[in-house]
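Student: Residue numbers (the working numbering): 93 to 438.
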Amino acid sequence: MSRGAALRELPRRWRAKLGLHFPGVLVCGVIALAATFVSEHYGGPQLLYALLIGLAFHFLNDDARVVAGINFCGRTVLRVGVALLGARITFAQVAELGPKTALLMVLAVLLTMVFGLLLARWLGCARDEGVLTGSAVAICGASAALAVSSVLPQTRENERFTLLAVVGVTVLSTVAMVIYPFSLNAIGLTPAQAGIVLGGSIHDVAQVVAAGMMLGLQAGDTATLVKLFRVMLLMPVVLVIAVLYRNHPGVKTPDTEVPLIPGFLLAFIVLVMLASVGTITADMAQFAGDASRWMLVTAIAAAGVKTSFEDLLKLGWKPVALLLGETVFIVAFVVAGVLLLGLGTA
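Structural data, given as structure tokens:
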């Protein structure tokens, strides 16, 4: 086929792909809109609403017309959403934290993931479950769970467990948002210390900001900065997991060649660099953040449609215990680190 003929063929191929994916994308988009409406008008976590509404529409997953679009949202849209998180992060933010706080956060992430693996083994859970929940609790909640799941073996069990992890970290993050500020104030931490603990232990970004602001502007700003540093650690963590699982049968098939570094992680790195040198303005970063959130909501809606309540119930109590144990571990570790290192006292 000549180059001219190939170029003329492209619009037809794009139309065919659009026709294939549009019904499923439309379903996920409508669910995301509904979740956003409920969240904005009645309060509550947007991602959790998207998941629950998606579960209610699980029957659509049996309709061949929407399957391709739902799978597209659950994988491609998800990865683009994760990549766009990089536009909100700069190396200057890391410098503002100081070496001790940065080291504490790195240790908190690493040790929480190790603890998750050990606890999963003790509970008799699969290793993938420990990797997934440990990453979600250690880094940025539902976003981390979705990002890590995209490089794990694509099995039905992992899909179900990803959804339960999203529900679990979202609920625990919301509970922490209410309980932690009062608890930290009661034990006499300064606003700066409380901000470090909140940013270093609460799972989702929105709940971190809300919890910090309950204790004042200083605590809110500190919590947000610490949390963004934890989000920045998402890229190296997912990269390591992707490399370790690269040749796993559930990830690599005879028909696919898995790149050493997934494209969405490369995009994440590039966006962090562009944001760090000022190429990405504040308005652009805000737009990228909003777009990322919307894509993640759409992706979790797709995950909900693909899973049934019965599938989630089959997972039992052990994953819940795993998430709860990891949540207690990270907050205890960060509080101890803040007190032992004397952080936030200046």
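The C-beta atom is built at its ideal place from N, Cα and C for all residues, glycine as well.
Would T399 be called buried (16 or more neighbouring beta carbons within 10 Å of its own) or exposed?
Tutor: The residue is buried, with at least 16 neighbouring Cβ atoms inside 10 Å.
Student: Just to confirm my understanding: we take I396, look at its own chain, exclude 5 residues before and 5 after, and list those with CB closer than 6 angstroms. What are they?
Tutor: Residue identity check: residue 396 is Gly in the sequence provided, not Ile. Contacts found: L143, G146 and L147.
Student: Please state whether DSSP places H150 in a helix, a strand or coil.
Tutor: helix
Student: Does the beta-carbon of L309 have 16 or more other beta-carbons within 10 angstroms, so that it is buried, or is it exposed?
Tutor: exposed
Student: Measure the alpha-carbon distance for G440 versus V318 and round it to whole angstroms.
Tutor: Examination of residue 440 is not possible in this model, given that the chain is present from 93 through 438 alone.
Student: Mapping DSSP to helix, strand and coil, what is R338?
Tutor: coil
Student: Which residue's Cα is closest to the Cα of G287: Y141, G116, V430 and G111?
Tutor: V430
Student: Taking only three categories from DSSP, how would you classify H133?
Tutor: helix
Student: Where does G304 fall in DSSP's three states?
Tutor: Helix, per DSSP.
Student: Is DSSP giving C165 helix, strand or coil here?
Tutor: helix
Student: So within the stretch 162-235, which uninterrupted alpha helix (DSSP H) runs reach at least 4 residues, ignoring any that extend past its ends?
Tutor: 170-176, 183-189, 191-215 and 219-230
Student: Can you tell which of A391, V420 and W409 has the C-alpha that lies nearest to the C-alpha of A237?
Tutor: A391
Student: Tell whether a beta-carbon distance below 7 angstroms holds between C165 and A394.
Tutor: yes
Student: Mind checking which residues open and close the alpha helix (DSSP H) that includes K319?
Tutor: L309 to M324
Student: Between which residues of its own chain and V297 is the CB-CB distance below 6 angstroms, once the five residues before and five after are set aside?
Tutor: K319
Student: How big is the Cα-Cα spacing for V159 and I372?
Tutor: Taking the CA atoms as reference points, V159 sits about 36 angstroms from I372.
Student: Using the three-state DSSP reduction, which class does T419 fall into: helix, strand or coil?
Tutor: helix
Student: Measuring alpha carbon to alpha carbon, tell me which residue in L290, H133 and A284 is nearest V270.
Tutor: L290
Student: Please look up how many angstroms separate the CB atoms of F321 and V174, rounded, as I've assumed it's under 8 angstroms.
Tutor: Not confirmed; about 17 angstroms, so no contact.
Student: Pull up the distance between the alpha-carbon of T348 and that of Q246, whole angstroms please.
Tutor: Reliability of the predicted coordinates at T348 is poor, the pLDDT of 43 falling under 50, and no value is obtained from them.
Student: Taking all protein chains shown into account, do 16 or more other C-beta atoms lie within 10 angstroms of the C-beta of G121, making it buried, or fewer, making it exposed?
Tutor: buried
Student: T266: which of G136, E418 and T168 sits nearest, CA to CA?
Tutor: G136
Student: Look up G280 in the DSSP assignment and say whether it is helix, strand or coil.
Tutor: coil
Student: With C-beta atoms as the reference, is V172 less than 7 angstroms away from M387?
Tutor: A contact, by the Cβ cut-off of 7 angstroms.
Student: Relative to the ligand HEM, is the shortest distance from any of its heavy atoms to the C-beta of I181 smaller than 6 angstroms?
Tutor: Judged by which ligands are present, the structure shown has none, so any question about the ligand HEM falls away.
Student: Taking all protein chains shown into account, decide if F421 is buried (16 or more other Cβ within 10 angstroms of its Cβ) or exposed.
Tutor: With a 10 Å radius around the Cβ and a threshold of 16 neighbouring Cβ atoms, F421 comes out buried.
Student: To the nearest angstrom, report how far apart F114 and A374 are at their CA atoms.
Tutor: 32 angstroms
Student: What's the gap between the Cα of H133 and the Cα of A239?
Tutor: 28 angstroms
Student: So what's F425 in DSSP terms, helix, strand or just coil?
Tutor: helix
Student: Quick one: what does DSSP say R400 is sitting in, helix, strand or coil?
Tutor: Looking at the sequence itself, residue 400 is Ser, so the reference to Arg does not match. Three-state result, S400: coil.
Student: How many Å lie between V426 and V206 at the Cα?
Tutor: 15 angstroms
Student: Here's the rule: buried if 16 or more other CB atoms are within 10 angstroms of the residue's CB, otherwise exposed. What is L210?
Tutor: Classification of L210: exposed, given that the 10 Å Cβ count is below 16.
Student: What's the C-alpha gap between V263 and V364?
Tutor: Taking the straight line from one Cα to the other gives about 29 angstroms.
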